[in-house]
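As they're listed, the protein sequences go chains A and B.
Sequential numbering of the first sequence, starting at 307, is according to the working numbering.
Sequential numbering of the second sequence, starting at 307, is according to the working numbering.
I have placed the structure first, in the form of C-alpha cells, so that the comments after it can refer back to it.
2 protein chains.
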Amino acid sequence: MSARALPYRPHDHDACVSQAMADARAICQQHGARLTTTRERVLEIIWQSHKPLGAYDVLAKLASEGHSAAPPTVYRALDFLQQYGLVHRIASLNAFIGCAHAGELHTGMFLICRCCGNALELTTTSVSKAIHEAASTQAFRSESVILEVTGLCPNCQAEQPDE
Amino acid sequence: MSARALPYRPHDHDACVSQAMADARAICQQHGARLTTTRERVLEIIWQSHKPLGAYDVLAKLASEGHSAAPPTVYRALDFLQQYGLVHRIASLNAFIGCAHAGELHTGMFLICRCCGNALELTTTSVSKAIHEAASTQAFRSESVILEVTGLCPNCQAEQPDE
DNA sequence: CTGAATTTGCAACATTATAACATTCGCAGA
DNA sequence: TCTGCGAATGTTATAATGTTGCAAATTCAG
Ligand SMILES: [Zn+2]
Ligand SMILES: [Zn+2]
Ligand SMILES: [Zn+2]
Ligand SMILES: [Zn+2]
C-alpha cells in the first residue's frame, strides 16, 4: 500500500494496476474471499484508467474480450469488490473506480475533473473530522459518507484558463 | 429565510411548506424566472415531507391529482428548480429534496437517516473550508460538491439502540 | 394583433440496476 | 475418488431512472 501517482500526470500506469491487483489478492486472501477470474478481470478493467467507468462499459469491455456476460455478472462482481473496499462507486456519475487505499479503513473524497474525466481519491483527516463533527452537532450517527467534488484538475485548468 | 425546524422532530410542517413556497416566489421574481403552475406544484410535492422524493414519485403524485404528465415534465421542472437553488438532487438516492437555504449561496451537506428516510440539510463553514483546502493541496479547482452522509438520526438511534 | 421565445405535451428511447431461477463450480468430508 | 453442499455464475426478463426530438400551446413584448 505505497503512495500512488497522481492520476492527472503521465505515470507508469501499469505499476498502478499491478499494485492494485497485488493488493486485491492480498486482501481477499486475508479475508478468505475468493477473487475469481471474473472478479479479477472486472477489477483490472476498472483499473484500466483513472476515469470512473460505468458498469455497462465494463460489460462492453468483457464482451469485446469474448466473455459474453450479462449485467448481473458485472454488478455482482462490483458488489463483491466494493464489499472488500477494492472499488468505489461514484454516485454522481453512476460509475466505478479502483480504490487507491484498499485495505486501509477510509472514507474517500473524490476530485473529479469534468474536463478530462480523471478522478483522484484523497483521504484527508481534517475533512473527515469536520464532517463528523458537523453531524455530531445534530446528534446524527454517521455511518457512510459520499463526498464527490467536481471541478478542473491542474492540467485542464492550464488548457482552458477561465470560463 | 428564517431558521428551519429539524425535520426529525414533529413540527408545523405546513409552515415549512409555505415558507418554502414564499421563498421560491420571491427568488423567481427576483431573477425574472417564471414559477409556472407545474413548477410550483412539483416544488410543493417535493416539500410534502423532508424525505427525498424520486422523480417518478413526483410523477405518480401528479398523476393521482389528474394531471397526466410524462417524465420530461417532471425532470424539466426539477431542472428548473435546481437551477434556481430551490431543490437539491441527492445522488446516492436518485431523489430530490427541497432546499432549506434557498437564496443563500451555499453547498449543502445532507444527513440522511437510513431508518426514517428524513434528510437534514446543513451548511457548515468548517466543512466547506476543509474540503476546499484539501482540493487546493492538489491544485484542483473545485466547482461543485456533493456531500451526503448516511446514518441514524437521533430519533431512530433511540428506537434501535445498537447494531 | 403578431411574432418570437419559452414552456409544455407526447412518444419513443437510452441507461442503469435488479429479480428470479437454473446451472455450474470449488471444496470438504465420506 | 465420489458425493453433496454452498458459493458463484449464467440467463432471461423486467424494473427504475433519465433523455431526445419534435410538435403544440402559452406567454409576453412590441
Ligand atoms: Zn495510474
Ligand atoms: Zn478508497
Ligand atoms: Zn417540515
Ligand atoms: Zn440547499
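Using N, Cα and C, we set each Cβ at its ideal position, and we do this for glycine too.
Just to make sure I have the definition right: I need the residues of chain B whose C-beta is within less than 8 Å of the C-beta of residue i. Which are they?
i: P460 of chain A; result: Q444, A445, F446
i: L384 of chain A; result: Per Cβ cutoff of 8 Å: no residues; L384 of chain A is ~16 Å from chain B at best.
i: Q463 of chain A; result: A445, R447
Any heavy atom of ligand 4 closer than 7 Å to the beta-carbon of residue i?
i: E427 of chain B; result: yes
Does the beta carbon of residue i fall short of 7 Å from some heavy atom of ligand 3?
i: C405 of chain A; result: no
i: H337 of chain A; result: no
Closer than 7 Å: is that where the CB of residue i sits relative to any heavy atom of ligand 1?
i: P316 of chain A; result: no
i: H356 of chain A; result: yes
i: C422 of chain A; result: no
i: C322 of chain A; result: yes
Quick one: which chain B residues come within Cβ less than 7 Å of residue i?
i: V451 of chain A; result: V455
i: L426 of chain A; result: Q444
Counting only Cβ pairs nearer than 9 Å, list the residues of chain A close to residue i.
i: S370 of chain B; result: Going along chain A, no residue has its Cβ under 9 Å from S370 of chain B, so there is no contact; the nearest lies around 29 Å.
i: L411 of chain B; result: Near L411 of chain B there are no residues of chain A at all, since even the closest Cβ is about 17 Å away, more than 9 Å.
How about residue i: is its Cβ closer than 7 Å to a heavy atom in ligand 2?
i: G414 of chain A; result: yes
i: H394 of chain A; result: yes
How close, in whole Å, do the beta carbons of residue i and residue j come, if the pair is a contact with beta carbons under 8 Å?
i: R420 of chain B; j: T456 of chain B; result: 5 Å
i: A401 of chain A; j: L428 of chain A; result: Not confirmed; about 18 Å, so no contact.
i: I352 of chain B; j: G404 of chain B; result: 5 Å
i: E350 of chain A; j: I452 of chain B; result: E350 of chain A to I452 of chain B, Cβ: 28 Å. No contact.
i: S398 of chain B; j: A397 of chain A; result: 5 Å
Do the CB positions of residue i and residue j come within less than 8 Å of each other?
i: L392 of chain A; j: I333 of chain A; result: yes
i: A330 of chain A; j: A408 of chain A; result: yes
i: V433 of chain A; j: A440 of chain B; result: yes
i: L368 of chain A; j: R347 of chain A; result: yes
i: N424 of chain B; j: P316 of chain B; result: no
i: F416 of chain B; j: L417 of chain A; result: no
i: Y390 of chain B; j: H337 of chain B; result: yes
Given that residue i touches chain A, what residues does it touch there, using C-beta distances under 8 Å?
i: A397 of chain B; result: A397, S398, I452, E454
i: V433 of chain B; result: V433, A436, I437, A440
Can you pull the chain B neighbours of residue i, defined as C-beta to C-beta under 9 Å?
i: T430 of chain A; result: A436, I437, E439, A440, T443
Along the chain, which unbroken stretches of the alpha helix (DSSP H) at least 4 residues long are found entirely within the region 411-460 of chain B? 431-443
Unbroken alpha helix (DSSP H) runs of length 4 or more, entirely within the region 349-402 of chain B: which are they? 361-370, 377-389
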